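Engineer: Got a structure for you, questions after.
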Amino acid sequence: MSDNEYTALKARAISQPLVEHIYTADPSAHVFNGRIYIYPSHDIDAGIPFNDNGDHFGMQDYHVLSMDNPGGETTDHGVALHVNDVPWAERQMWAPDAARKGEQYYFYFPAKKADGLFQIGVAVSDSPTGPFVPQPEAIQGSYSIDPAVFEDEDGQYYLYFGGIWGGQLQKYRNNQFDDQHEEPTAQEPALGPVVAKLRDDMLEFAEAPQQIRILDEQGNPLLAGDTERRFFEASWMHKYQGKYYFSYSTGDSHFICYATGDNPYGPFTYQGRILEPVVGWTTHHSICEVGGKWYLFYHDSILSGGVTHLRSVKMAEIRYDEQGRIQTLKPYLD
Ligand code: FUB
Numbered sequence: 328m329s330d331n332e333y334t335a336l337k338a339r340a341i342s343q344p345l346v347e348h349i350y351t352a353d354p355s356a357h358v359f360n361g362r363i364y365i366y367p368s369h370d371i372d373a374g375i376p377f378n379d380n381g382d383h384f385g386m387q388d389y390h391v392l393s394m395d396n397p398g399g400e401t402t403d404h405g406v407a408l409h410v411n412d413v414p415w416a417e418r419q420m421w422a423p424d425a426a427r428k429g430e431q432y433y434f435y436f437p438a439k440k441a442d443g444l445f446q447i448g449v450a451v452s453d454s455p456t457g458p459f460v461p462q463p464e465a466i467q468g469s470y471s472i473d474p475a476v477f478e479d480e481d482g483q484y485y486l487y488f489g490g491i492w493g494g495q496l497q498k499y500r501n502n503q504f505d506d507q508h509e510e511p512t513a514q515e516p517a518l519g520p521v522v523a524k525l526r527d528d529m530l531e532f533a534e535a536p537q538q539i540r541i542l543d544e545q546g547n548p549l550l551a552g553d554t555e556r557r558f559f560e561a562s563w564m565h566k567y568q569g570k571y572y573f574s575y576s577t578g579d580s581h582f583i584c585y586a587t588g589d590n591p592y593g594p595f596t597y598q599g600r601i602l603e604p605v606v607g608w609t610t611h612h613s614i615c616e617v618g619g620k621w622y623l624f625y626h627d628s629i630l631s632g633g634v635t636h637l638r639s640v641k642m643a644e645i646r647y648d649e650q651g652r653i654q655t656l657k658p659y660l661d
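Under this note's numbering, the letters of the sequence shown match residues 328 to 661, in that order.
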């Protein structure tokens, strides 16, 4: 695409970047104490060539963003955690999330260890903006990428995670790594995301992670070949009118989709698309209620002129119909 085409797309975008002085992606948004906090990846150009494993996503630290209300000024609170401060991590600080419990804030993040495998770590602060102090080791039994933490109404917290291809989920079965494993064939059930309840201290899993099933309208598991609907990465969980809404990215087909269920573990039944493809290869989001309205936080690569690993976080309102279906957003007007 030419510069002129990006300028035209920018004008048609339904929202603009929340910050432009740094590149940010994978926004996980929460309201803590009446303020909106966004926990994004901090994109940089690490000078690593593009490949299917996503090695060019060479992020090294995290910044926390916040705002008073939708449309308000966005504050960048600076570096909240750096890879050099995490004893077990070597590189690739990918999509994070955070939770509040009591007076403490818990920041969950994936990173690669020196052996090249992703794990998920947790770091703690008494402020929602950090700095966060990492635990010396990754969460025991964690693997893959894209942690998303969900607090249910009964006060239990759950960590959702996983992502195929560069996220390495295809190398695991029943929580065990085997380099021989690959994605299932097109006619086999797709790999699901993974969930585990967190221990009361929020620092470890309270149980063995279990795979979530996403079903089609007939109650059959989505197949690995169903690339426009199957799970790829970017788990998110929210609750609306008593129902559990699990949303995710379809990766190589570039949609944000959702599926609903009756409990945090699923199964979830596929319902439809939340967001049509954005500029850039990846798409990753969160959903958060602010003052009685619901917002999708997402990213695109318009600001960098389409560089897939230099993204910008954005937000836009989403609406439900009377049946609780989310109306699909088009990120650029026709
Ligand atoms: O930001 C790096 C990776 O790109 C994330 O972990 C994925 O969800 C994708 O957005």
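Here a beta-carbon is modelled for each residue, glycine too, at the ideal position from N, C-alpha and C.
Computed from a predicted structure; not experimentally measured.
1. In whole angstroms, give me the CA-to-CA distance for Lys-440 and Gly-448.
2. Give the list of continuous beta strand (DSSP E) stretches no shorter than 3 residues that lie fully inside the stretch 422-492.
3. Touch check for the stretch 493-511 and the stretch 588-599: three-plus C-beta pairs under 8 Å?
4. Below 7 Å CB to CB, which residues in the same chain sit around Gln-497 once its five sequence neighbours on both sides are set aside?
5. Given that a residue counts as buried once 16 or more other Cβ atoms are within 10 Å of its Cβ, and exposed if not, what is His-348?
6. Taking contact to mean 3 or more Cβ pairs, one atom from each stretch, closer than 8 Å, check whether the stretch 394-404 and the stretch 367-379 are in contact.
7. Could you tell me how far apart the beta carbons of Ile-363 and Val-617 are, in whole angstroms, since I believe they sit closer than 8 Å?
8. CB-CB under 6 Å to Ala-475, same chain, minus the five flanking residues each way: which ones, in chain order?
9. Going by beta carbon distance, what residues of the same chain come within less than 7 Å of Asp-627, once the five residues before and after it are set aside?
10. Can you find the residues in the same chain that come closer than 6 Å, C-beta to C-beta, to His-581, ignoring five residues on each side of it along the sequence?
11. Using a Cβ-based criterion (distance less than 7 Å to any ligand heavy atom), does Ile-472 qualify as near ligand 1?
12. Do you know offhand how far Gly-493's Cα is from Gly-381's?
13. Evaluate Leu-660 with the Cβ neighbour count: other Cβ atoms within 10 Å of its Cβ, from every protein chain shown; 16 or more gives buried, anything less gives exposed.
14. Just the C-alpha distance for Asn-360 and Arg-427, rounded to the nearest angstrom, thanks.
15. With distances taken between CB atoms, is the gap from Ser-673 to Trp-421 smaller than 8 Å?
16. Please check the pair Lys-570 and Thr-587, which I expect to be a contact at CB under 8 Å, by giving their CB distance rounded to whole angstroms.
17. Helix, strand or coil: which one does DSSP assign to Ser-355?
18. Nearest by alpha-carbon distance to Glu-531: which of Ile-365, Val-451, Asp-395 and Arg-652 is it?
19. Tell me the residue span of the beta strand (DSSP E) that contains Thr-610.
20. Using three-state DSSP, classify Glu-531 as helix, strand or coil.
21. When you compare the CB of Glu-347 with every CB in chain B, is at least one pair closer than 8 Å?
22. Assuming Gly-489 contacts Pro-520 (C-beta within less than 8 Å), just tell me the rounded distance between them.
23. For Leu-656 and Leu-602, which I take to be in contact (beta-carbon distance under 8 Å), what is that distance rounded to the nearest angstrom?
24. Give me the residue from Thr-456, Ala-416 and Asp-479 with the minimum Cα distance to Gly-443.
25. Which one of Tyr-435, Thr-512, Lys-566 and Ala-465 has the shortest CA to CA distance from Asp-479?
26. Can you tell me whether Ala-586 sits near ligand 1, meaning its C-beta is under 7 Å from at least one heavy atom of the ligand?
27. Look at the Cβ atom of Gly-385, then the Cβ atom of Arg-418, and state whether they are nearer than 8 Å.
28. CA-CA distance, Gly-457 and Ser-471?
29. For Lys-337, which residues from the same chain have a beta carbon less than 6 Å from its beta carbon, with the 5 sequence-adjacent residues on both sides left out?
30. Could you pull the DSSP bridge partners for Gly-599 from this structure?
Structural biologist: Considering the structure as presented:
1. 11 Å
2. 424-428, 431-439, 445-452, 475-478 and 484-488
3. no
4. Ile-491, His-508, Glu-509, Glu-510 and Leu-518
5. exposed
6. no
7. 6 Å
8. Asp-424, Tyr-487, Ser-562 and Trp-563
9. Val-605, Val-606, Gly-607, Arg-638, Ser-639, Lys-641 and Pro-658
10. Pro-604 and Thr-610
11. yes
12. 6 Å
13. exposed
14. 10 Å
15. Since the displayed the chain opens at 328 and closes at 661, residue 673 lies outside it and no answer follows.
16. 5 Å
17. strand
18. Val-451
19. Thr-610 -> no beta strand (DSSP E), and no H or E assigned at all.
20. coil
21. Within the model displayed, chain B is absent; a lone protein chain is all it includes.
22. 4 Å
23. 5 Å
24. Ala-416
25. Lys-566
26. no
27. yes
28. 24 Å
29. Ile-629
30. Tyr-585
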